[in-house]
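A.B. asks: One structure, pasted below without further comment.
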Amino acid sequence: MDKVVIIDDSDFDRKMIMKAISSGRSTVSFTELESGENAADVIAQECPKITILDIRMPGIDGFEVLAKIRSNPKFDDIPIVMISGSEEAADRALATKHGADGYYVKPPSVAGYLSLGQNICSHYL
Amino acid sequence: MSPTLNSILDTHPDLICRYNPSLEFTYANLAMVEFLGASKEEVLGSNLLSWYPADIKNNILSIYDVITPERPSQTLIQASDMKTGASSILWTTIGLFEGDAVREYQSVGRNITAEVELEHKLKSQTQTLDRVQTELRSVLDAVPSRIWYKDDKNNILRLNQAAASSMGMTVAEVEGQNTYDLFGDAAKSYHEADLKVFESGVAIRGLIEAYTPETGESGWVQTDKIPFDDDPEEPRILVVSTDITELKEQEAILKSINKNLDDFASLVSHDLQAPLRKIAITAQLMELELGDQLPKSAGDYFKDISQGVSHMRTLIQSFLKFMRASPDSVALDTVNLTALLREMADEEMTEAFSDAGGTLSLPDNDILVRGDMDLLRQIFANLLGNSIKYRAADRPIEVEITAKKDQQFWAITVSDNGTGIDENSSEQIFDLFGRSKPHKEIEGSGIGLALCRRIITLHGGTIELVSKNTPGSSFRVKLNRARQSDG
């Protein structure tokens, strides 16, 4: 069973991401984190096929979490995609700079989420 | 007189002569003869008065009235015009010489004309210098900047009133003092900067530094330090400081406001969109998953939610654009506005005008302006979009864009035949969320024209609503002409 770690402070967004991915792939197990504080430990334990990481979170933001994970070579093979509530060119550039494998904008519709789920499944699962 | 004495006296530079009580010369040395501009033969036996103009003869005679055996000598300084036309100032001692039955006057004079003239000149120059110094002091004291002359040992040689007042002291109290005694520890950094100027001989300009005199008020100054190279033995610098404390405070306030604006833009961008997304998606999920179980009228409610969310999203995006339009966001370049408008007409507007039933007329001439292509596109998309949105129901839309040169600007006019705008709202429409009366019925963000004005202002241009005789509205946009368009 493919494992997916989702790090997002929004309960609603985590649910939508899980719903979107599950609609395209039934054999996926999810680990949800509300913040990135223990992200490295959880990723080390779960060895997920992909980590979906929100950018704007209270406390440690997504870029800090990403930088911390990418500083450890043992996580080199784990894809990390960033997800954000808005399209910001600066954020996209920063995500790439810190070693993110992808950048998604949280869609404003159900159809958008389904498309996002399909995209993640086809690329990473 | 012996030939030897005669020879000695002839080499003497003073004017030496003797004359009898009738004032006839009995002796004149060479200097005296030359002074009179004559030969010895001409002088000897001649009357002293004959060498002077007639009108001063009485003055000369009066000198001899006071020379008596009791007071046999008089020293005087006389300014005389000679008969030859020459003027001279003589410092003369006239004595009464009484010998064996001989009574003569003996005069030893020195021509001090050059010395007196030099003294007059010096006096005049000193007066001029005093006046210049007074003027310079007045100018220095009238200048609001603080001005100091310092040496390389941090001594204050001179300063103006503003500099002294800034320390709560008088000019006299500060002059000659050492900066270390007046500014404590802060003097070290002032001295270090001074020494850099002394060593390099190059002025430092625009130095921002804290100003912390031990007396007076602390603050911030912007300082120029300019070296004098007129005297290598006594190097000095001119220090000119302008009080920028208020500017620094305003800068801090502005930074704080900008930080708040950035935070607010971030809030608008992210935090306001998140709940909106949640509302939209939840409504969609309800419709998808529970639609069959709900009454038919629920469909209208979902439609209302969707429209409301869509409008709110447009508002947020427009507001975000408005918030983010700042000087840093403008990349000025030469833009061919005619080409841009044609491109917009082809790509974006043809369909819109076709759907609305109307025509768009563009200028034929090349309009080259200084602008940011993307932002200019946004301005004209807004104006043309408004023409379509606020079209009159009873006639096809007609929009005409014309341009003409106006001093350093291109004045571009966008006119339509739509519903027009209430003239009383001509300024209000450019306010954030300001909308004119007839247009309030039509959905809009109230940000479009405010954003246009903000962008155009950032371009150094203007936008205004201009009145026209025919129905519809007309906007005049002024943008700086690019240099290529001058020809």
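Here the protein sequences line up with chains A and B, keeping their order. Position 100 (the first sequence) corresponds to 125 in this note's numbering; numbering is contiguous. Position 216 (the second sequence) corresponds to 457 in this note's numbering; numbering is contiguous. Where is the CB? At the ideal position from N, CA and C, for every residue including glycine.
1. Is residue 511 of chain B close to chain A, meaning its C-beta is less than 8 Å from at least one C-beta of that chain?
2. When you compare the CB positions of residue 642 of chain B and residue 582 of chain B, do they come within less than 8 Å of one another, or not?
3. Please go through the segment 317-356 of chain B and give each complete beta strand (DSSP E) segment of 3 or more residues, from N-terminal end onward.
4. Which residues in chain B sit within 9 Å of residue 124 of chain A, going by Cβ to Cβ distance?
5. What are the boundary residues of the beta strand (DSSP E) that residue 721 of chain B is part of?
6. Is there a Cβ of chain B sitting closer than 8 Å to that of residue 88 of chain A, yes or no?
7. Assign residue 516 of chain B to one of three DSSP states: helix, strand, or coil.
8. Quick one: Cα of residue 273 of chain B to Cα of residue 361 of chain B, how far?
9. To the nearest angstrom, how far is it from the Cα of residue 585 of chain B to the Cα of residue 626 of chain B?
10. Please confirm whether residue 546 of chain B has its beta-carbon closer than 8 Å to some beta-carbon of chain A.
11. Taking 6 Å as the limit between beta carbons, can you name the residues of its chain near residue 417 of chain B, skipping five residues before and five after?
12. Measure the C-alpha to C-alpha separation of residue 605 of chain B and residue 579 of chain B and round it to an integer number of angstroms.
13. Of the residues B/706, B/637, B/607 and B/622, which one's Cα is nearest the Cα of residue 663 of chain B?
14. Taking a contact to mean a Cβ-Cβ separation below 8 Å, would you say residue 30 of chain A touches residue 71 of chain A in this structure?
15. Which chain B residues are close to residue 110 of chain A, counting only those with a beta carbon under 9 Å from its beta carbon?
16. To the nearest angstrom, report how far apart residue 426 of chain B and residue 394 of chain B are at their CA atoms.
17. Of all the beta strand (DSSP E) runs that stay within the bounds of the segment 622-700 of chain B, which reach a length of 3 or more residues?
18. Strictly below 9 Å CB to CB, what residues from chain A border residue 616 of chain B?
19. To the nearest angstrom, how far is the alpha carbon of residue 115 of chain A from that of residue 122 of chain A?
20. Only counting the same chain, and skipping five residues up and downstream in sequence, which positions put a Cβ closer than 6 Å to that of residue 588 of chain B?
21. Looking only at DSSP bridge pairs, what is residue 480 of chain B linked to?
22. As a quick exercise: from B/336, B/299, B/324 and B/708, pick the residue whose alpha carbon is nearest that of residue 312 of chain B.
23. Between the Cα of residue 668 of chain B and those of B/576, B/694 and B/650, spot the shortest distance and give me the residue it belongs to.
24. On a Cα-Cα basis, can you pick out the residue from B/594, B/657, B/571 and B/637 that is closest to residue 615 of chain B?
25. What does residue 522 of chain B reach in chain A if we use C-beta pairs closer than 9 Å?
26. Please compile the residues from chain B whose C-beta is within a distance smaller than 7 Å of the C-beta of residue 81 of chain A.
27. Going straight from the alpha carbon of residue 253 of chain B to that of residue 247 of chain B, what length do you get?
28. Taking C-alpha atoms, which residue in B/385, B/290, B/700 and B/550 lies nearest to residue 569 of chain B?
29. Would you give the residue range spanned by the alpha helix (DSSP H) that residue 289 of chain B belongs to?
30. Extract the residue ranges of the beta strand (DSSP E) inside the segment 535-579 of chain B, only unbroken runs of 3 or more that lie entirely within it.
31. Between residue 556 of chain B and residue 600 of chain B, what straight-line distance do the alpha-carbon atoms span, to the nearest angstrom?
32. Inspect the beta-carbon positions of residue 110 of chain A and residue 87 of chain A and report whether they are closer than 8 Å.
33. Spell out whether any CB of chain A is found under 8 Å from the CB atom of residue 565 of chain B.
34. Under 8 Å, do residue 384 of chain B and residue 413 of chain B count as touching if we go by C-beta distance?
35. Please go through the same chain and pick out, in chain order, the residues whose beta-carbon is closer than 6 Å to the beta-carbon of residue 349 of chain B, but skip the five residues on each side of it.
C.D. replies: This is what the structure holds:
1. yes
2. yes
3. 328-339 and 344-352
4. Chain B residues near residue 124 of chain A: none, gap ~23 Å exceeds 9 Å.
5. 715-721
6. no
7. helix
8. 25 Å
9. 11 Å
10. no
11. none
12. 7 Å
13. B/706
14. yes
15. 510, 511, 512, 514, 515 and 518
16. 15 Å
17. 638-647 and 650-657
18. What residue 616 of chain B touches in chain A: nothing, since even the nearest Cβ is about 16 Å away.
19. 10 Å
20. none
21. B/389 and B/466
22. B/336
23. B/694
24. B/571
25. 37, 41, 132, 133, 134, 135, 137 and 138
26. 511
27. 10 Å
28. B/700
29. Taken as a continuous stretch (DSSP letters only), residue 289 of chain B belongs to no alpha helix (DSSP H), as it is neither H nor E.
30. 574-577
31. 29 Å
32. no
33. no
34. no
35. 255, 257 and 334
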